[in-house]
Structures are given as structure tokens and as C-alpha cells.
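Just below is one structure, and these are the notes that go with it.
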């Protein structure tokens with residue numbers, strides 16, 4: 050058998066739909082197959098080294114890789130790799146943290162935080178789960194006071210179970226297995242993102258930029274019944290209390306970029322939109338209203354048709370790309386403005402997540418046109434992060450008053466003057482009116 054199988058993002062990194070949609074037992078299942086090797090590389094450089102090595106042999110193997118980009122641990126020039134041998138990232142004698150896959154980066158970051166408190170730990174990148182590098186485990190555990198395993202897997206049958214067998218037999222130590230809970234965690238995608246963003250107080254707002262977009266405002270413990278085109282829904286129930294949200298959904302945000310690339314041929318990759326928008330004529334008055342499948346919140350006009358409006362003789366490819374990118378920010382602004390009018394509150398910060406938030410032109414324009422700080426968390430997967438926090442709260446691992454004490458975010462501060470902002474936004478509203486007729 051020469052087959053090599055790849056699994057795309059088990060655990061919860063892939064999304065927040067829960068264990069009914071994302072495998073939480075793939076390591077255990079694949080490890081149970083005789084002669085099957087199981088690997089969970091931690092970044093793109095290690096993945097490349099591993100695949101290169103696997104293609105040279107005829108043995109079957111299973112590789113779990115991530116769907117979303119993760120921050121590199123290694124570099125192209127510095128990626129120590131030996132087949133079926135774990136990699137030591139840090140040395141310490143207080144603890145040994147043995148992790149695999151996307152948990153390796155988090156383990157490494159945790160050790161850096163522990164060092165500030167004088168705690169020094171070993172981090173072992175155990176990309177090879179089967180065959181397990183028992184020699185590396187025994188060496189790390191023998192020099193440590195406690196052994197911690199970290200994995201995106203059910204608590205049984207995965208890395209934690211395998212490591213505990215080795216440690217228990219060779220060098221008994223206190224152990225802790227950080228894994229997915231042995232119970233389903235149910236959280237809606239947008240609700241999980243709202244919680245993961247720390248929007249736990251009334252009036253706090255988050256926007257998720259995906260193919261379409263969901264904009265949510267924490268409405269507090271009493272539902273607000275909107276008359277302005279927004280939807281009232283449940284956020285979550287914790288400690289016997291229900292929290293509600295106001296929500297607006299947009300049909301085309303990130304999908305506008307796909308339209309530019311696949312249908313119009315104006316770009317070859319999404320990343321080009323930032324540079325092209327920066328180079329476009331800043332005084333161009335072109336607007337794109339992307340009503341390709343009607344308009345969602347707050348207009349709710351399913352038969353609306355898309356238009357490009359306000360072009361001049363000097364409007365070119367870059368200006369159309371800029372208009373498309375800015376249409377995302379305008380649509381988000383429409384909903385936030387409705388939320389402010391509905392609730393009578395001032396939105397001090399818009400918390401954002403999703404792939405298009407990597408575009409710095411879009412984020413700065415969003416901040417400018419909204420006149421509000423845009424806050425981008427370091428963790429891109431806010432939905433999964435929020436579901437994980439809720440699970441931790443439910444089983445007593447975390448306390449509500451402490452989980453959001455420190456927020457590691459990048460912020461975009463508005464700098465556009467009020468006159469220019471009003472002029473641009475009025476132009477957008479005028480373009481939308483053409484669609485609504």
C-alpha cells in the first residue's frame with residue numbers, strides 16, 4: 050500500500066460548527082490502522098519537508114494539515130527536520146510541553162509568557178504521532194517536573210494518551226492533557242466570533258468578513274426588536290442568563306474580491322487589491338454596489354441589481370478595484386449606523402475578523418468611513434476561539450472576569466476628516482438609491 054492521505058483541519062481550527070462537522074478523533078482512528086503512520090506538521094516549512102520525505106517511501110501515511118494560514122515557527126533556511134523525530138523548540142526544567150499540529154505555535158507562545166514569571170519549559174514539536182518519538186518524550190519528561198500535552202483532539206486516543214503511556218512506563222511525572230472537551234460544544238459561527246472577540250457588554254460590535262458578512266451588536270439581556278432592517282437573535286446563555294444580539298447579514302463582501310478575480314479578470318490574486326487601491330486616483334468617485342444576488346441588511350431587496358456608478362473618463366482598472374474593495378466597508382458601515390440609530394449608543398470600537406481583514410487598505414478605509422477604531426485580534430479564528438472559551442467557562446477552566454483582561458490586537462484609527470467622510474458616504478448612499486428604485 051503506497052497511499053498517502055491528508056485530512057484538512059480536524060479539531061476546531063477549521064471552524065466552529067462543532068464535532069458533528071469537524072473530526073475530533075482522526076488521530077485515534079488513523080493510528081488504529083496497522084502500519085499507518087500519522088503526522089501533524091506545525092507550519093508550512095515543516096509540512097514541505099515532511100511531504101518531500103513521504104514521497105520517497107512506499108509506506109502509507111496520514112497527514113493532518115490546516116485549512117487556514119498559521120504563523121510560521123520555522124523558516125525556509127532554519128527548519129530542522131529528521132523523519133519520525135520530534136523537534137525541540139525550547140529547553141526548560143520546570144515543565145515539558147509536548148504539542149502537535151497547530152497547537153505547537155500556541156505552546157511556544159505560552160512558554161514565552163511563562164518565562165516572564167520565571168518558569169522555564171521545554172516545548173517538543175511532536176509532529177510524528179505514529180511512530181511516536183519515545184526517546185524524545187522520555188528525555189524531556191525526565192528533566193521536567195510536569196508533562197503537558199496539547200492537541201486538537203478528543204481527550205482519548207490521541208497524543209495525550211500516547212504520551213501518558215510512555216511517561217507512565219518510563220519516568221512517571223504529573224501530567225496534564227489539554228484537548229477538546231469530552232462533550233459537544235454548540236455555538237453559532239457568528240455568536241462564537243462575538244464572544245471570542247470579547248464583545249460581552251451591551252453595545253459592543255463585531256464584524257466577520259467572509260464570503261458575505263455578519264455584523265453583530267451585543268444587545269444585552271433584553272431583546273431589541275428592530276424597525277430598521279436588523280434581526281434580533283440569541284447570542285448565548287451562560288450562568289442562567291440569556292444575552293441577545295442585533296444582527297445584519299450582507300450577501301457580498303469577500304465574494305466581491307472573487308468576482309474581481311474570477312469573473313472580471315482585473316486581478317490575479319486577492320492580495321493585489323491593496324496595492325491597486327492605494328495606487329488608484331483618490332479623487333475618483335466610482336462606487337460599486339455589489340447587489341449580485343440582491344441586497345441584504347439593512348435594505349432587504351432581493352431583486353436589486355448590481356451597478357457601477359459615478360465613473361469618469363479617467364476611471365480605470367485600479368479605480369474599479371478600489372471601488373469594489375471600498376464597497377465592503379460601506380456595507381458594514383450601513384449596518385453599524387443602523388445599530389447606532391436603533392440602540393441610541395455610540396460604537397467606540399468595531400472588532401473584526403475573517404480573511405479580508407488582512408487587507409490593510411480595507412481596514413484603514415473601514416475605520417475612516419465609520420469614524421471608529423477598528424480592532425483586529427491576533428487570533429484569526431474568532432469563532433473557534435469563542436467556542437473554546439465557552440467550553441472552558443462551562444467546565445470551570447476559566448473565569449469570566451479574567452479571560453478578556455488582556456487583548457492582543459492591532460488597531461486602525463480613523464484619520465479622515467468629517468467633511469470628506471460625509472461626502473464619500475453620501476455618494477455611496479446615492480449609489481444605493483439607484484439600485485433600490
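Numbering (this note's numbering), first residue to last: 50 to 486. Beta carbons: idealized from backbone N, C-alpha and C, even for Gly. Remember, it's a predicted structure, so these values are computed and weren't measured experimentally.
(message) Let me make sure I understand the geometry here. Which of 166, 250 and 201 has the alpha-carbon closest to that of residue 178?
(response) Minimum Cα distance to residue 178 is reached at 201.
(message) Is residue 445 near the ligand GTP - that is, is its Cβ less than 8 Å away from at least one heavy atom of it?
(response) Of ligands this structure carries none, so the ligand GTP is not represented either.
(request) Using the DSSP secondary-structure output, state which residues sit across from residue 451 in a beta bridge. (result) For residue 451, which the question treats as bridged, DSSP gives no partner whatsoever.
(request) In angstroms with no decimal places, state the Cα-to-Cα distance between residue 214 and residue 189. (result) In this structure, the alpha-carbon of residue 214 lies about 15 Å from that of residue 189.
(request) Within 10 angstroms of the Cβ of residue 151, are there 16 or more other Cβ atoms? Answer buried if so, exposed if not. (result) Answer is buried; the Cβ neighbour count reaches 16.
(message) Helix, strand or coil for residue 341? Go by DSSP, reduced to three states.
(response) In the structure shown, residue 341 adopts extended strand secondary structure according to DSSP, grouped into three states.
(request) Look at the alpha carbon of residue 256 and the alpha carbon of residue 483, and state the distance between them as a whole number of angstroms. (result) One C-alpha to the other measures close to 26 Å.
(request) Find out if the Cβ-Cβ distance for the pair residue 112, residue 100 is shorter than 9 Å. (result) Against a cut-off of 9 Å, the Cβ pair of residue 100 and residue 112 comes out as a contact.
(message) I need the straight-line Cα distance from residue 244 to residue 431, nearest angstrom please.
(response) One C-alpha to the other measures close to 8 Å.
(request) Leaving out five residues on either side along the sequence, give the residues of the same chain with a beta carbon under 6 Å from the beta carbon of residue 481. (result) A distance below 6 Å between beta-carbons, with the five flanking residues on each side excluded, links residue 481 to the following residues of its chain, in chain order: 338.
(message) Which of the three DSSP states is assigned to residue 349 in this structure?
(response) Residue state for residue 349 is assigned as coil, using DSSP reduced to three classes.
(message) Measuring alpha carbon to alpha carbon, tell me which residue in 170, 428, 55 and 148 is nearest residue 115.
(response) Considering only alpha carbons, the answer is 55.
(request) Output the distance between the C-alpha atoms of residue 475 and residue 323, rounded to the nearest integer angstrom. (result) Taking the straight line from one Cα to the other gives about 24 Å.
(request) Just grab the DSSP bridge partners of residue 179 for me. (result) Residue 179 pairs with 87.
(message) Which same chain residues end up closer than 7 Å to residue 250 when comparing Cβ atoms and leaving out the 5 residues on each side of it in sequence?
(response) Result list for residue 250: 267, in chain order.
(request) For the segment 351-367 and the segment 383-393, state whether three or more C-beta atom pairs, one from each stretch, are separated by less than 8 Å. (result) Taking one beta carbon from each stretch, the segment 351-367 and the segment 383-393 have fewer than 3 pairs nearer than 8 Å; the two do not touch.
(message) Looking at residue 258: is its Cβ nearer than 9 Å to the Cβ of residue 381?
(response) Judged by their CB atoms, residue 258 and residue 381 are nearer to each other than the 9 Å cut-off.
(message) Three or more C-beta pairs under 8 Å: does that hold for the segment 410-425 against the segment 456-469?
(response) Yes: at least three Cβ pairs fall under 8 Å.
(request) Report all residues from its chain with a CB closer than 7 Å to the CB of residue 87; omit the five preceding and five following residues, and keep chain order. (result) Closer than 7 Å at Cβ, skipping near neighbours: 76, 79, 80, 111, 178 and 179.
(request) With DSSP as the reference, label residue 470 as helix, strand or coil. (result) The answer is helix: DSSP assigns residue 470 an H, G or I state.
(request) Identify, in the order they occur along the chain, each residue of the same chain with its Cβ nearer than 7 Å to the Cβ of residue 290, setting aside the five sequence neighbours on each side. (result) 270, listed in sequence order.
(request) Could you give the DSSP three-state label for residue 118: helix, strand or coil? (result) It is coil, neither helix nor strand.
(request) Could you tell me which of 389, 401, 384 and 331 sits nearest to residue 371, measuring between CA atoms? (result) The shortest Cα separation from residue 371 among 389, 401, 384 and 331 belongs to 331.
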